[in-house]
Amino acid sequence: MEDETNSSQRNFIGIWFDCCQTYGRLYKNKAGTMYVGRCPKCLRPASVRIGGEGTNRRFFRGG
Ligand SMILES: [Zn+2]
Numbered sequence: 002m003e004d005e006t007n008s009s010q011r012n013f014i015g016i017w018f019d020c021c022q023t024y025g026r027l028y029k030n031k032a033g034t035m036y037v038g039r040c041p042k043c044l045r046p047a048s049v050r051i052g053g054e055g056t057n058r059r060f061f062r063g064g
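Following this line, the structure appears as structure tokens:
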């Protein structure tokens, strides 16, 4: 469920999975410390830290 009224704190980010050359999403974990998810094709786990440099990395480079 997307909450458009809270655009500054999105519950997910879109990322590029280099492993399968496909686009996917990472969702914020319960603690709100990381975005976590899996590649939609190969189910490779991916995560991006929230805060610091993590928020600027919208693209996940596998391998
Ligand atoms: Zn993949």
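Residue numbers for the sequence shown follow our numbering, so the first one is 2 and each next one is one higher.
C-beta atoms are modelled at their ideal positions from N, C-alpha and C, and glycine is treated no differently.
> Quick one: what's got a C-beta closer than 8 Å to I51's C-beta in the same chain, skipping five residues either side?
Replying inline: Taken in chain order, the residues that qualify are K29, G33, T34, M35, Y36.
>> Tell me whether R26, by its Cβ, gets closer than 7 Å to a heavy atom of ligand 1.
In response: No - ligand 1 has no heavy atom lying nearer than 7 Å to the Cβ of R26.
>> Check this for me: beta carbons of P41 and G15, under 8 Å apart or not?
In response: No, the pair does not count as a contact, with Cβ atoms beyond the cut-off.
> Among all residues, which have a Cβ less than 6 Å from at least one non-hydrogen atom of ligand 1, and in what chain order do they fall?
Replying inline: So the residues near ligand 1 by this Cβ test are F18, C20, C21, C40, K42, C43, R45.
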